[in-house]
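Here the sequence shown is numbered in my numbering, starting from 19 and rising by one per residue. Just so it is clear, CB atoms sit at the ideal spot from N, CA and C, and this is done for glycine as well.
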Amino acid sequence: MGDKNNMTIKEVQYLIKHIELGTLKEVSEKTTLERKENTQRLILKLIEEFGELAENIRKDSRYTGENIRGTIEEELFDIFYYIIAIANDYKIDLEEIFYIKDCVNREKYKRKFSLNEAREEYIRKVNTEKNKTK
Numbered sequence: 019m020g021d022k023n024n025m026t027i028k029e030v031q032y033l034i035k036h037i038e039l040g041t042l043k044e045v046s047e048k049t050t051l052e053r054k055e056n057t058q059r060l061i062l063k064l065i066e067e068f069g070e071l072a073e074n075i076r077k078d079s080r081y082t083g084e085n086i087r088g089t090i091e092e093e094l095f096d097i098f099y100y101i102i103a104i105a106n107d108y109k110i111d112l113e114e115i116f117y118i119k120d121c122v123n124r125e126k127y128k129r130k131f132s133l134n135e136a137r138e139e140y141i142r143k144v145n146t147e148k149n150k151t152k
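The following block contains the structure:
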């Protein structure tokens with residue numbers, strides 16, 4: 019794994035997979051029924067988190083560096099977690115799908131740049147900022 023502050027989606031998927039398994043060891047595959055039941059549990063949790071996010075947006079409850087509980091940031095993390103867990107249940111490589119879906123969206127919305135171009139620009143900006151602080 020790379021820098022702890024710059025995880026890839028693949029790394030996040032790996033971490034959440036093992037959090038859900040409760041072990042860092044690899045275990046046997048879930049049966050179709052087990053996967054379906056687990057996905058139903060995850061979707062119910064996801065819906066619950068969306069409700070909590072809506073409530074915290076209404077209250078404008080933000081993380082201020084002290085307690086993350088009951089904040090927009092906490093709920094966004096929880097939503098992200100459950101989406102990743104569902105993708106893991108179906109062995110979906112979100113990095114791969116991210117780029118495949120981007121091609122569809124780029125054409126659909128007539129966007130002038132690709133995600134690769136945006137990523138290259140982001141890396142350029144980050145490197146420029148790093149060089150300024152040296």
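Distance from the CA atom of Thr151 to the CA atom of Val144, rounded to whole angstroms, is 11 Å. The beta carbons of Phe116 and Ile27 sit about 7 Å from each other, so the pair counts as a contact at 8 Å.
With respect to Glu93, Glu52 sits apart: the two C-beta atoms are not nearer than 9 Å. Its Cα nearest to that of Ile110, the residue Val30 stands out among Met25, Arg87, Val30. Spatial neighbours of Asp107 in its own chain (CB-CB distance under 8 Å, excluding positions within 5 residues in sequence) are listed in chain order as Lys48, Arg53, Asn56, Thr57, Leu60.
Comparing alpha carbon positions, the residue from Lys126, Asp120, Glu147 closest to Asn134 is Asp120.
Per DSSP, reduced to three states, the secondary structure at Asn24 is coil, with no helix or strand assignment.
In the structure shown, the three-state DSSP call for Asn85 is coil.
Within its own chain, the residues whose Cβ lies closer than 6 Å to the Cβ of Leu112, once the five positions on either side in sequence are excluded, are Ile27, Ala105, listed in chain order. The DSSP-derived three-state label of Glu55 is helix.
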